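> Chains as they are written, first to last, in the numbering used here: chain A, 1 to 194; chain B, 1 to 143. Would you mind keeping the following structure in view while I ask a few things?
Here's what the structure looks like:
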């Protein structure tokens, strides 16, 4: 997970505890790498939509692999076939492995049947990023949206996933929401399963 | 004696097929693997009332032919592992153990950023690990 294990300095490398299993990555290393990823993609594209698509594709590759890894680590593994099952899997297990905590909230959309939202007060990838005014509604959380799309696609729930800023009263920085819109066949299958 | 292992993707496309004996015809083994995919699909889509629950990973003995036994294993992403063996008295626990280690090797191969999902697995490390696991399977079940 990102953002852990940076503060403690051991005087002697032999005193460091042996870590097994879950690896910890320092937040600054990830932030530098992610900023370089965004900058590199910015030089390659002409418009904002293309940049967002590239970040999402990068996240998609991560998501597919994270799903395989998590399913193997989870000993009493059961394949998720229900919508709520896979959503709560993404919301708690995937978030815990990637960011060290569960997501802030999972909501069902009110307007459409097939929309669900995962919100986070401060998305970790956006922590050190401020979007210039002329980029409009671009959100680097597109990377996380790509990860979610990769996980859902691999598990057999095709969906369109996007990231949005939602301004909150009383707070300086807007909240980030990942909007998940499932494909038709997923809803039909869910209705058939009862 | 394991004669063949195969990894099949979620659209039934082959990702990795390896046979471990020179005696038998490789084509016949490929054919057996191909036929067993039908049995996997049938198990997944129509669960028997007394069979394993719908979302179990280890599928067990798929079908016995004249001198082979075929075992199946299904992962979360609909990727199937097929194992063809000539042993007559394989224990269930041994096969489960084999699939667990095989799954670990598979996850490591897929985590490669240069691996394109849906294409064949070309990693030499994966092939070496698989042959190690296959060799140790024979030894452990003999004792």
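The beta carbon of each residue, even a glycine, is placed where N, CA and C say it ideally should be. All values reported here derive from a predicted model rather than from experimental measurement.
Could you tell me whether the Cβ atoms of residue 80/B and residue 40/B are closer together than 8 Å?
Yes, the pair counts as a contact, with Cβ atoms nearer than the cut-off.
> Among the candidates 192/A, 41/A, 112/A, 91/A, whose CA atom is the shortest distance from the CA of residue 56/A?
Residue 41/A is the option with its Cα nearest to residue 56/A.
> For a quick check, are the C-beta atoms of residue 92/A and residue 175/A less than 8 Å apart?
Against a cut-off of 8 Å, the Cβ pair of residue 175/A and residue 92/A comes out as no contact.
> Where does residue 74/B sit, in a helix, a strand or coil, going by DSSP?
It is a strand residue.
> Once DSSP output is grouped into helix, strand and coil, what is the label at residue 48/A?
Of the three classes helix, strand and coil, the one that applies to residue 48/A here is helix, per DSSP.
> Can you give the beta carbon distance from residue 86/A to residue 37/A, rounded, assuming they're within the 8 Å contact cut?
No, residue 86/A and residue 37/A are not in contact; Cβ-Cβ is about 27 Å, not under 8 Å.
> Are there 16 or more other CB atoms within 10 angstroms of the CB of residue 77/B, so buried, or fewer, so exposed?
So residue 77/B counts as buried.
> Could you tell me the distance, in whole angstroms, from the CA atom of residue 265/A to the CA atom of residue 62/A?
Shown here, chain A extends from 1 to 194; a query on residue 265/A therefore has no answer.
> According to DSSP, is residue 168/A helix, strand or coil?
Of the three classes helix, strand and coil, the one that applies to residue 168/A here is coil, per DSSP.
> Whose C-alpha, out of 88/A, 112/A, 124/A, 83/A, is nearest the C-alpha of residue 29/A?
Selected option, being the one with the closest Cα: 124/A.
> Does the beta carbon of residue 64/A sit closer than 8 Å to a beta carbon anywhere in chain B?
Chain B contact via Cβ: present.
> Applying a beta-carbon distance threshold of less than 7 Å, which residues of chain A neighbour residue 136/B?
Result: empty, since nearest Cβ-Cβ is about 19 Å, beyond 7 Å.
> Using a Cβ-Cβ distance cut-off of 8 Å, determine whether residue 67/A contacts chain B.
By this cut-off, residue 67/A is an interface position.
> Quick one: does residue 104/B have its CB under 8 Å from some CB of chain A?
Yes, because at least one Cβ of chain A sits closer than 8 Å to the Cβ of residue 104/B.
> Along chain A, in chain order, which residues have C-beta atoms closer than 8 Å to that of residue 131/B?
Correct list: empty, because the minimum Cβ distance to chain A is about 20 Å.
> Who does residue 18/B pair with in a DSSP beta bridge?
BP columns for residue 18/B point to 5/B.
> What's the C-alpha gap between residue 113/A and residue 192/A?
If you take the alpha carbons of residue 113/A and residue 192/A, they lie about 15 Å apart.
> What residue range does the beta strand (DSSP E) around residue 106/A cover?
Where residue 106/A is concerned, the enclosing beta strand (DSSP E) stretches over 105 to 108.
> Inspect the beta-carbon positions of residue 44/B and residue 6/B and report whether they are closer than 8 Å.
Not closer than 8 Å, so no.
> State buried or exposed for residue 49/A, treating a residue as buried only when at least 16 other CB atoms are found within 10 Å of its CB.
Exposed is the call here.
> Cα separation between residue 53/A and residue 142/A?
Between residue 53/A and residue 142/A, the C-alpha separation is close to 8 Å.
> If I'm right that residue 127/A touches residue 116/A with Cβ under 8 Å, what's the distance once you round it to whole angstroms?
Not really, about 24 Å apart at Cβ, beyond 8 Å.
> Short check: CB of residue 83/A to CB of residue 190/A, under 8 Å?
Yes, the pair counts as a contact, with Cβ atoms nearer than the cut-off.
> Taking residue 154/A as the query, report the chain B residues whose CB atoms sit under 9 Å from its CB, ordered along the chain.
Ordered by position in chain B, the residues that pass the 9 Å Cβ test against residue 154/A are 10, 76, 77, 78, 117.
> If the cut is a Cβ gap below 7 Å, which residues of chain A does residue 111/B touch?
Near residue 111/B (Cβ distances below 7 Å), the residues of chain A are 65, 69.
> Within this structure, are the beta carbons of residue 148/A and residue 97/A separated by less than 8 Å?
Taking 8 Å as the Cβ cut-off, residue 148/A and residue 97/A do not qualify as a contacting pair.
> In the DSSP assignment, find the unbroken alpha helix (DSSP H) run with residue 185/A in it and report its ends.
Here the alpha helix (DSSP H) through residue 185/A covers 184 to 193.
> Can you tell me whether residue 93/B is buried or exposed? The criterion is at least 16 other CB atoms within 10 Å of its CB, across all chains shown.
Per the 10 Å Cβ criterion, exposed.
> If you measure from the beta carbon of residue 57/B to each beta carbon in chain A, is any gap under 8 Å?
So yes, residue 57/B belongs to the interface.
> Check this for me: beta carbons of residue 163/A and residue 144/A, under 8 Å apart or not?
Their beta carbons are under 8 Å apart, which means residue 163/A touches residue 144/A by this criterion.
> So, are the CB atoms of residue 70/B and residue 62/B less than 8 Å apart?
The answer is yes: Cβ separation under 8 Å.
> Of the choices 123/B, 120/B, 86/B, 12/B, whose alpha-carbon is the least far from that of residue 66/B?
Residue 66/B has its Cα closest to that of 86/B, out of 123/B, 120/B, 86/B, 12/B.
> On a Cα-Cα basis, can you pick out the residue from 13/B, 18/B, 28/B, 95/B that is closest to residue 37/B?
Nearest of 13/B, 18/B, 28/B, 95/B to residue 37/B, Cα basis: 13/B.
> At a CB-CB cut-off below 7 Å, which residues of chain A make contact with residue 107/B?
Simply 68, 69, 72.
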